[in-house]
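Protein chains in written order, with the UniProt record's numbering: chain A, 1 to 260; chain B, 1 to 128. As structure tokens, the structure follows; a few thoughts come after it.
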Amino acid sequence: MSTDQITAKRVSTNSASTKHISVKRYLPDTSTETYWQEYDLPVDDSTSLLDALNHIKEQLDSTLSYRWSCRMAICGSCGVMVNGIPKLGCKTFLRDYEGDIRIEPLSHFPVQRDLVVDMAIFLEHLAAVKPYLIGDNPVKPYDPKAPETYQQTPEQLARYKQFANCINCGLCYSACPQFGLNPEFLGPAALTLAHRYNLDSRDNGKKARMAELNRHDGVWSCTFVGFCSKVCPKHVDPAAAVNQGKVEAAKHTLIALFKG
Amino acid sequence: MNMNKHDVQHKQAFDEPLWWGLFSAGGVCFAVLLPAVILFIAVLLPLGLLPTEALSYERASSLLFSVPGFLFVGAVVCLPLFHTAHRLRHGLFDISVGNDTLNKKLMYGGAALLSVLALGLVVAGFLS
């Protein structure tokens, strides 16, 4: 490719249009009222919402606050509502939007400032379900003749692998009407991670987790709306995990009844 | 979230697996059996596409007032009633009507009453 072609290509991507986005602002040190602020930005086909927010912060208005880190959909920091739907800013492209683009902080969480929300309750729910291996075999000195530490077949891995892709972005909590009505509901991501560890062949902590899952605020607050699975940027399918969790919780209750 | 073991045990939802089990069973019956029932009783029969004596009074009562009739009523009336009760209860919670403890009693209580009535009629017919 010659230099001319490269230049021509650059010009064509840069000769982009201008888009109009509205951001819901909340600046608690000046006012307790929220308000909408309008911005006009230059965009091309590769402009993500996060790029747009960075452009606003750097060129137009340095008072705007939002979270971001990796810009490649793995850190889970840049979740916002785009026209009422929870999305990751870095995975959302302005080319897919015509007309109004309204950016708000994630629903169902207390807003700290602009697009920054307080995720403390989500982290509490995560911790409550003990999302880590419990009572797994202690690591022994490696013996190449008889390697036995943490062995897992591909089938055993496949049982939980999909549910292990959660990046804790919290989009599913913003999508869940039940979490909106009752913040004590453990919620999609926490219940999914609990299920993920319950399905892990190395784990022995199911009993401790079931006590949390089998509460009214555990799996039983889910009414299978399924929007959590629609908005999940990593295709984890929390709705499936939560409803498989209901089967497990029902089994747990039956066993508890017989054991007394 | 500093919940000790006693609190967690105390909050165990022992009733929910039962309601959810009835809801699931009712959903299956709703989906699998009711279309066939509606097709036969509410479409084919009134259109005269079945022999007129297919559900004559004698035949219908002998079919209904029997052990299979009892199971039939359980599957197409009682379980779907609990399915409906579960949906109504959660629907009321979603639109913030009443409180869940009361709604639970009303909905599942209603489903239980109507189920007893339906099954009671079958038993009464069976005994008479």
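The C-beta atom is built at its ideal place from N, Cα and C for all residues, glycine as well.
Nearest residue (CA-CA) to residue i, options the options
{"i": "residue 203 (chain A)", "options": "A:27, A:152, A:100", "result": "A:152"}
{"i": "residue 47 (chain A)", "options": "A:94, A:225, A:62, A:63", "result": "A:94"}
{"i": "residue 45 (chain A)", "options": "A:86, A:19, A:228", "result": "A:19"}
{"i": "residue 21 (chain B)", "options": "A:257, A:256, A:250, A:30", "result": "A:250"}
{"i": "residue 126 (chain B)", "options": "B:18, B:26, B:61", "result": "B:61"}
{"i": "residue 201 (chain A)", "options": "A:179, A:150, A:60, A:91", "result": "A:150"}
{"i": "residue 87 (chain B)", "options": "A:182, A:229, A:223", "result": "A:223"}
{"i": "residue 39 (chain A)", "options": "A:229, A:52, A:90", "result": "A:52"}
{"i": "residue 41 (chain A)", "options": "A:35, A:34, A:55, A:76", "result": "A:55"}
{"i": "residue 35 (chain A)", "options": "A:113, A:206, A:177, A:76", "result": "A:113"}
{"i": "residue 126 (chain A)", "options": "A:43, A:100, A:230, A:169", "result": "A:169"}
{"i": "residue 163 (chain A)", "options": "A:155, A:192, A:175, A:182", "result": "A:192"}
{"i": "residue 94 (chain B)", "options": "A:128, A:228, A:182", "result": "A:182"}
Cβ separation of residue i and residue j, assumed to be a contact under 8 Å, to the nearest whole Å
{"i": "residue 173 (chain A)", "j": "residue 189 (chain A)", "result": "7 Å"}
{"i": "residue 209 (chain A)", "j": "residue 198 (chain A)", "result": "6 Å"}
{"i": "residue 23 (chain A)", "j": "residue 64 (chain A)", "result": "7 Å"}
{"i": "residue 119 (chain B)", "j": "residue 65 (chain B)", "result": "About 12 Å; that fails the 8 Å criterion."}
Endpoints, beta strand (DSSP E) assigned at residue i
{"i": "residue 79 (chain A)", "result": "79 to 82"}
{"i": "residue 276 (chain A)", "result": "The structure shown does not extend to residue 276 (chain A), since chain A is modelled only from 1 to 260, so the question has no answer here."}
{"i": "residue 22 (chain A)", "result": "18 to 25"}
{"i": "residue 102 (chain A)", "result": "102 to 104"}
{"i": "residue 225 (chain A)", "result": "Looking at the DSSP string, residue 225 (chain A) is not in any beta strand (DSSP E), and its letter there is neither H nor E."}
{"i": "residue 112 (chain A)", "result": "111 to 113"}
{"i": "residue 87 (chain A)", "result": "85 to 88"}
Within chain C, the residues that residue i reaches when beta carbons sit closer than 8 Å
{"i": "residue 90 (chain B)", "result": "The displayed structure is made up of protein chains A and B, and chain C is not among them."}
Endpoints, the alpha helix (DSSP H) within which residue i is located
{"i": "residue 40 (chain B)", "result": "It is not in any alpha helix (DSSP H) - residue 40 (chain B) carries neither H nor E in the DSSP assignment."}
{"i": "residue 244 (chain A)", "result": "238 to 259"}
{"i": "residue 20 (chain B)", "result": "16 to 32"}
{"i": "residue 97 (chain A)", "result": "Per DSSP, residue 97 (chain A) belongs to no alpha helix (DSSP H) and is neither H nor E."}
{"i": "residue 86 (chain B)", "result": "79 to 94"}
{"i": "residue 118 (chain B)", "result": "100 to 127"}
{"i": "residue 261 (chain A)", "result": "Nothing can be reported for residue 261 (chain A): it is not among the residues displayed for chain A, which extend from 1 to 260."}
{"i": "residue 132 (chain A)", "result": "Run containing residue 132 (chain A): none; DSSP gives neither H nor E here."}
{"i": "residue 182 (chain A)", "result": "From DSSP, residue 182 (chain A) is part of no alpha helix (DSSP H); its letter is neither H nor E."}
Q.
Along the segment 21 to 32 of chain B, where does the CB come closer than 7 Å to a CB of chain A? Name the residues.
A. Against chain A - using a Cβ distance shorter than 7 Å - the residues of the segment 21 to 32 of chain B are 21.
Q: With 7 Å as the C-beta to C-beta threshold (strictly closer), list the residues of the segment 32 to 48 of chain B near chain A in chain order.
A: Of all residues in the segment 32 to 48 of chain B, none places a beta-carbon less than 7 Å from a beta-carbon of chain A.
(Q) So if I threshold CB-CB distances at 9 Å, which residues from the segment 61 to 84 of chain B count as touching chain A? (A) Per Cβ criterion, the list is empty.
Q) Are at least three pairs of beta-carbons, each pair with one atom in the segment 105 to 123 of chain B and one in the segment 242 to 259 of chain A, less than 8 Å apart? A) No: fewer than three Cβ pairs fall under 8 Å.
Q) Is the segment 83 to 97 of chain B touching the segment 38 to 45 of chain B, taking contact as three or more C-beta pairs under 8 Å? A) Note that the segment 83 to 97 of chain B does not touch the segment 38 to 45 of chain B; fewer than 3 beta-carbon pairs, one per stretch, sit closer than 8 Å.
Q.
Short of 7 Å Cβ to Cβ, which residues in the segment 182 to 210 of chain A face chain B?
A. Of all residues in the segment 182 to 210 of chain A, none has a Cβ within less than 7 Å of some Cβ in chain B.
Q. Is the number of C-beta pairs between the segment 80 to 88 of chain A and the segment 124 to 134 of chain A that are closer than 8 Å three or more?
A. Taking 8 Å as the limit for Cβ pairs, the verdict is that the segment 124 to 134 of chain A does not touch the segment 80 to 88 of chain A.
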